[in-house]
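Numbering (the numbering used here), first residue to last: 367 to 834.
Virtual Cβ for every residue (Gly too), placed ideally from N, Cα, C.
In this text, all values refer to a predicted model and were calculated from it rather than measured experimentally.
Structure, as structure tokens:
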Amino acid sequence: MLLPETKEREYRFKLALRMGLPIFALVLAFISNTLISSYQNLQVSFYIESIVLLAISIYFIFYLIYKGFNVRITEPISNTFTRDFLYKYLKKDIENKKDYTLALISIDNLHDINIRYGIQKGDKVLFEVAKYIGEYLKDKKLSNFPIGHIKGGDFVLGLNGKKEDFNTILELFCLKSSDFMVDDIEVNISGTITDTTFSNNLEYMIENLFELQEENKIKKVISQKEEINPSDLELYVIDAMKLNSMTIMTQDVYENSNLIIKECFIKLKSSNGKILHPKKYMKVLNRLGLTAEYDFMVLQKSVFNCISKDNINFAITISPTSLRNPNFLSKTKELINDNPHAKGKIVFILSEIEYYSHIDRYNSILGSLKRIGVKIAIDRVGSLHSSFLYLRDLDIDIIRFDTFYTKDIKNKNYNSIIEGLNVMAHSKGVKTWMKMIENKEISEFAKKIGVDYRQGKELAELININED
């Protein structure tokens with residue numbers, strides 16, 4: 367048992383004892399008085415009843431104390447519903463009402479506030495934002511709505527009606543909050559909204575809120591996204607995984623004028639012919655714990671395709687968490703050792719948002735893969751902080767620049783960054799790779815600064831691997 371749990375039990379016991387002492391004293395006083403004044407007329411049943419009364423009093427007091435600690439519907443920092451209670455409340459609301467809307471309101475810079483000003487200031491910001499939400503919606507004639515603190519700086523609230531009824535209110539709230547401050551601390555607030563037309567499942571609705579939040583951050587157009595019911599999407603993904611069914615497209619990557627790599631782009635295909643894009647199914651795989659199984663399935667396909675290709679590498683995107691999974695790592699080594707034609711012809715493309723701190727272990731894993739001929743490429747260099755750190759700390763073969771830079775090739779500041787990263791990589795003996803080369807200007811720039819590998823529509827189109 368952890369120390370906090372031990373201390374919690376001690377605290378509850380002492381509190382129960384303090385609360386129980388007056389009752390115990392009254393019961394004992396009553397019994398003592400009765401014994402002194404009427405002991406000659408007392409029957410045996412009185413003594414039994416007294417003992418039972420005392421035992422029940424003790425049990426009742428301890429039960430109330432322990433049960434009271436276990437049941438809490440509001441959290442002490444923001445004074446909003448706890449996540450567990452909010453989920454129960456919202457599930458009932460969704461079941462009982464035809465149209466229901468969920469809104470996510472987030473404090474985007476809460477982590478920065480905690481670091482700069484301290485956790486207590488961060489807690490105060492949480493409280494003031496929750497209060498601000500309540501006051502704003504009260505002015506809009508919305509009251510008695512459920513609101514709860516989900517995690518970090520994220521609040522979810524439930525509103526009775528369709529999202530069209532609240533879109534404008536949320537947009538105005540986000541605009542008005544641009545000047546919101548707590549003790550002269552700038553607070554950045556954003557919001558997203560969804561309703562039961564997307565799904566009647568609470569977990570899916572909340573997951574959709576966070577997906578919309580991420581898409582808004584990178585300014586994607588939501589209206590262009592094909593919506594699939596999340597329950598159906600999960601079934602499609604499971605179906606495709608069971609059937610080992612996928613479509614593979616490749617695009618050629620050139621070193622000077624020589625074809626050196628074919629990058630694989632994977633889409634899952636369900637039995638009803640539904641084609642699923644990675645942006646849709648990867649989160650489902652993560653949630654179902656199937657990411658490593660999916661990565662190995664893709665690897666098997668790539669190893670098979672190596673048979674007919676001489677001196678051409680097949681590059682596939684692999685989740686770093688799969689690489690660090692001992693079972694996946696063991697099966698990968700066994701697969702490549704059993705297929706000598708694939709040795710030296712597989713490239714793993716890796717990227718992750720958070721830096722993996724056990725860097726010696728990570729290097730050891732990558733080293734064991736490199737010994738069987740797997741090349742390691744780090745993606746999104748120049749955009750993700752972790753990718754730059756991995757260039758610094760990991761023993762890798764290739765880095766690939768983020769497409770953010772190739773989209774605006776005329777920006778001299780961006781070009782200077784690419785040139786600097788290119789020099790840095792070459793000084794470490796690491797090859798460089800630029801993708802999404804869409805025109806001759808970008809291609810010439812890549813050649814000029816000495817990028818090793820070039821990829822894009824200017825050089826080669828995507829093709830179906832089965833037709834190649």
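Contact between residue 743 and residue 713 holds, with the beta-carbon distance rounding to 6 Å and staying under 8 Å. Secondary structure at residue 679: strand, using DSSP grouped into helix, strand and coil. For residue 523, no alpha helix (DSSP H) run applies; the uninterrupted beta strand (DSSP E) run containing it begins and ends at 520 to 526, by DSSP. Separation of the CB atoms of residue 718 and residue 749 is rounded to 12 Å, and the pair is thereby denied contact status at 8 Å.
Counting along the chain, residue 790 sits inside the alpha helix (DSSP H) bounded by residues 778 to 793.
Taking a contact as a CB-CB distance under 8 Å, the pair residue 504 and residue 535 does not count as one, their CB atoms being some 12 Å apart. When the beta-carbon positions are compared, residue 715 and residue 669 stay at least 8 Å from each other.
Under the three-state reduction of DSSP, residue 508 is assigned to coil, being neither helix nor strand.
Between residue 680 and residue 688 the beta-carbon gap is near 17 Å, outside 8 Å, which marks them as no contact. Rounded to whole angstroms, the separation of the alpha carbons of residue 760 and residue 734 is 13 Å. Only residues of its own chain outside the window of five on either side were considered, and among them 824 have a CB closer than 6 Å to the CB of residue 805, listed in chain order. Residues 479, 483, 487, 491 of the same chain have their beta carbon placed closer than 7 Å to that of residue 551, with the five preceding and five following residues left out of the count. Close CB contacts of residue 661 within its chain, under the 7 Å cut and outside five residues either way in sequence, are with 684, 685, 688, 694 (chain order). Taking one beta carbon from each stretch, the region 647 to 654 and the region 608 to 617 have fewer than 3 pairs nearer than 8 Å; the two do not touch. Between residue 531 and the set 509, 561, 474, the nearest pair of CA atoms involves 561.
In terms of Cβ geometry, residue 815 and residue 772 do not form a close pair [threshold 8 Å].
Between residue 499 and residue 513, the C-beta gap is smaller than 8 Å, which places the two residues in contact. Distance check between residue 676 and each of 646, 624, 809, 426 places 624 closest, using alpha-carbon atoms only. With 16 or more other Cβ atoms from the protein chains shown falling within 10 Å of its own Cβ, residue 603 counts as buried. Here DSSP, grouped into helix, strand and coil, assigns residue 490 to helix. Within the region 630 to 705, the beta strand (DSSP E) runs of at least 3 residues that lie entirely inside it are, in chain order, 679 to 683. Beta-bridge annotation (DSSP): residue 766 is paired with 799. The beta carbon of residue 797 is closer than 8 Å to those of 763, 764, 765, 791, 818, 819 in its chain, skipping five residues each way along the sequence. The Cβ atoms of residue 446 and residue 521 sit closer than 8 Å to each other. Per the coordinates, the alpha-carbon of residue 574 lies some 50 Å from the alpha-carbon of residue 422.
By alpha-carbon distance to residue 548, the top candidate from 671, 731, 571, 476 is 476. The three-state secondary structure of residue 534, taken from DSSP, is helix.
Per DSSP, the unbroken beta strand (DSSP E) holding residue 713 starts and ends at 712 to 716.
As computed with DSSP, residue 820 is found in a beta bridge with 620, 800. Sequence-distant partners of residue 780 (beyond 5 residues in either direction) whose C-beta falls short of 7 Å from its own C-beta, in its chain, are 771, 774. Per the DSSP secondary-structure output, residue 468 pairs in a beta bridge with 524, 560.
Within a 10 Å sphere around the beta-carbon of residue 596 sit 16 or more other beta-carbons, which makes this residue buried. Between residue 709 and residue 678, the gap from beta carbon to beta carbon reaches 8 Å or more. Nearest to residue 646 by alpha-carbon distance, out of 822, 665, 601, is 601. With contacts defined by Cβ atoms closer than 8 Å, residue 557 and residue 456 do not form a contacting pair. Rounded to the nearest angstrom, the Cβ distance from residue 458 to residue 526 is 12 Å, too far for a contact under 8 Å.
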